[in-house]
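1 is the number of the first residue of the sequence shown in full-length UniProt numbering; add one for each residue after it. The C-beta atom is built at its ideal place from N, Cα and C for all residues, glycine as well. Take a look at the structure below.
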Amino acid sequence: MEQLGDGKELSDNNDFISLPKQILIENNADQLKVLIDYVYPNIFMSSTNVHASLKWAILTTKNIFVHEINDILINKFLGEETEYISLDETLDPNDQAHYEDLLHSLTPNGMPPHRLILKQNAPIILLRNMNPTEGLCNDTRLFCKDFGKNVIRAEIAIGDFAGKQVFIHRLPLQPAIGEEYTVPFKRIQFPIKLCFAMTINKAQGQTLDYVDC
Numbered sequence: 001m002e003q004l005g006d007g008k009e010l011s012d013n014n015d016f017i018s019l020p021k022q023i024l025i026e027n028n029a030d031q032l033k034v035l036i037d038y039v040y041p042n043i044f045m046s047s048t049n050v051h052a053s054l055k056w057a058i059l060t061t062k063n064i065f066v067h068e069i070n071d072i073l074i075n076k077f078l079g080e081e082t083e084y085i086s087l088d089e090t091l092d093p094n095d096q097a098h099y100e101d102l103l104h105s106l107t108p109n110g111m112p113p114h115r116l117i118l119k120q121n122a123p124i125i126l127l128r129n130m131n132p133t134e135g136l137c138n139d140t141r142l143f144c145k146d147f148g149k150n151v152i153r154a155e156i157a158i159g160d161f162a163g164k165q166v167f168i169h170r171l172p173l174q175p176a177i178g179e180e181y182t183v184p185f186k187r188i189q190f191p192i193k194l195c196f197a198m199t200i201n202k203a204q205g206q207t208l209d210y211v212d213c
């Protein structure tokens, strides 16, 4: 990976890289389960073990794979789930009736999902700068603690503010500039998502002891 990042790895005429067979994981459910069990061994035997989980991560190239892996892991995670459904609105009110179902299915880069499933002690990552002076910056990782209707209490997990209890509320969010969709819209949701898995880009600057891709 270091050679690839430095541009030292040889590629063919189509700029494809041949990876060693021993590091490849076939695209099937059994192999994905093997990867998850390898990166997170026995972590779901007790919810208190999750504090070690922020030192580990599964990295992938696309958000669609991140969502799939995070969904699997939160389902395995011990505890009662809390569900938060976003309010999705087209910027032009005349489009709302035509596109509402479509909007619910979209999760643009840097946006929380329409259906956010959380459990106590589950690891999450902040998607916006909320209050940098209090440690609530984009890409801050936290643990869920308590769930209210319109506020979530969380604990900052890493960095100078580690251990600090904070409150996260819903925000109106829009896809980043350059993200093009059929219709412009905004989503009112908590600006967080699970972070058992992350994109490689999102993992830049994070402190991790164990990573698998």
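Using 10 angstroms around the beta-carbon of residue 190, count the other beta-carbons present and answer buried if the total reaches 16, otherwise exposed. buried
Is it the case that the Cβ atoms of residue 144 and residue 152 are separated by a distance below 8 Å? yes
At the level of alpha carbons, what is the spacing between residue 104 and residue 162? 34 Å
Can you tell me whether DSSP reads residue 82 as helix, strand or coil? strand
What would DSSP say about residue 88, mapped onto helix, strand or coil? strand
Where the beta strand (DSSP E) containing residue 155 begins and where it ends: 151–156
Just to confirm, is the Cβ distance from residue 192 to residue 127 under 8 Å? yes
For residue 58, the first and last residue of its enclosing beta strand (DSSP E): 56–60
Once DSSP output is grouped into helix, strand and coil, what is the label at residue 146? strand
Alpha helix (DSSP H) runs contained entirely in the region 88–134, provided each spans 4 or more residues: 96–105
I'd like the span of the alpha helix (DSSP H) that includes residue 19, first residue to last. Unbroken run through residue 19: none, as it is neither H nor E.
Coil, strand or helix - residue 166 by DSSP: strand
Span of the beta strand (DSSP E) holding residue 171? 171–173
Return the residue from the list 64, 67, 119 and 102 that minimises the CA-CA distance to residue 81. 119
Would you report the Cα separation of residue 198 and residue 96, rounded to the nearest angstrom? 31 Å
May I ask which residues mark the beginning and end of the alpha helix (DSSP H) holding residue 73? 63–76
Drop a sphere of 10 angstroms on the beta-carbon of residue 61, count the other beta-carbons inside from all chains shown, and report buried for 16 or more, exposed for fewer. exposed
Taking 6 Å as the limit between beta carbons, can you name the residues of its chain near residue 174, skipping five residues before and five after? 186
Excluding five sequence neighbours on each side, which residues of the same chain lie with their C-beta closer than 7 Å to the C-beta of residue 195? 123, 124, 125 and 141
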